[in-house]
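Everything on this sheet refers to the single structure shown next.
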Amino acid sequence: MKYSKGFFNRLENRKRKPAAVRRPGASKSKVASPSSSETGRRFGLKDLMLPLMFLVALGCGWGFLWLLQPGNPQISWQACLEHQSDGVSYPTLIEIPSGTYEIPQNSPLLTPFMQFHDKPNIVLERPLILQNREVDLERFKHYVQEVENIQDPDERQKRKLRIGNHWENNDVQDSLVRHLSWEGAVDFTQWFSKKTGCNYRLPTREEWAAAVIHLNQDAQAEINGAIDPEGVIKNLLFGTREWSLTSCADGYYLLGGDDWTASADDRKEVCMSAMLAMGGFRLVLDPSSIPDPKDQTDPRGTAFKGSSLKMDAALSLDKTPLPGESSRPASAEPVQPVQ
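All residue numbers for the sequence shown refer to my numbering, where the first residue is 1 and numbers rise by one.
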């Protein structure tokens, strides 16, 4: 078979790699080609643009969702003592200064309530802001109503179980909550803290004792309501047995005594089950949120001197009542005399 010369030339050209296009007369060393750094730069920017756009969009989305979340703003502790106008009734509070309080050993009034304290003194590092009386039925009823409206059936049932069926029972008809479990009391403090923006909790065993000792020794405690210190100590000792935040072997301490019984056995602290036992409770403005008035290095504490917050006229403002609640101060309720 005969092949033409042009056939072999075409076959050979197919095997060769295409040569770079050069201008006529240009030397081989001066062929124009993009540098590797420029190529890498163009490749990097193009590749990074899409992830960067995705991250920006994701951040904007998270920010928008964060704005839509229901907030739980915490307000300053001073604002918790002042008049509020959002339809929530803030409790009447009394101040117990920081300091060292000696456990009384031979006091006919106080010793029975503190006979199991194993230390001779109680030290309050910060002033104590204590509710002047136990939580009443009217205030607690608003919590019960909100529990009924919880959408999650399991959570609703758990809260109702902790509230129990006897919280409205009252032995002396004085409008105080007297038959509530410890867990139910803690649930209320958390709900009320979220409702008001103030950091409330139950008092500890030591805080309760310090309040009683101070009020018995010095009846000049600052109060933001129409109640006298003598009335407060009577309420602490003989209002209703109240839950504390201090744990014990079987549960938590119940403090004080009930005013409906004169039995000496009911005038001392007892360790009771958190779920099975029942009692009343009062609120404390958590001292950890309050500046130490003796610490002049703390910018929050420089406005105070000594060991007292010196609550003044701002604390005597009327409180905003709950819907349907009487504007008469809760502290105007009669207090049973000391037996």
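Backbone N, C-alpha and C fix where the C-beta goes; we use that ideal spot for every residue, glycine too.
The criterion of a C-beta distance shorter than 8 Å is not satisfied by residue 189 and residue 176. Around the beta carbon of residue 92, a 10 Å sphere encloses 16 or more other beta carbons of the protein chains shown; the residue is thus reported as buried. Assignment of beta-bridge partners to residue 255 by DSSP yields 242.
Short of 6 Å from the beta carbon of residue 143, and not among the five residues preceding or following it, lie these beta carbons of its own chain, in chain order: 188, 191. Take residue 122, set aside five residues on each side of it, and the residues of its chain with a beta-carbon closer than 6 Å to its own are 101, 206, 209, 210, in chain order. Bridge partners of residue 273 according to DSSP: none are assigned. Annotation for residue 150: 156, 159 place their beta carbon closer than 7 Å to its own, counting only its chain and skipping 5 residues before and after. Between residue 274 and residue 182, the CB-CB gap stays under 8 Å. 276 is the residue among 276, 127, 270 whose C-alpha sits nearest the C-alpha of residue 165. With fewer than 16 neighbouring CB atoms inside 10 Å of its own CB, residue 53 falls in the exposed class.
The continuous beta strand (DSSP E) containing residue 101 extends over residues 99 to 102. As a beta-bridge residue in DSSP terms, residue 176 pairs with 136. Judged by DSSP secondary structure, residue 125 falls outside any beta strand (DSSP E); it is assigned neither H nor E.
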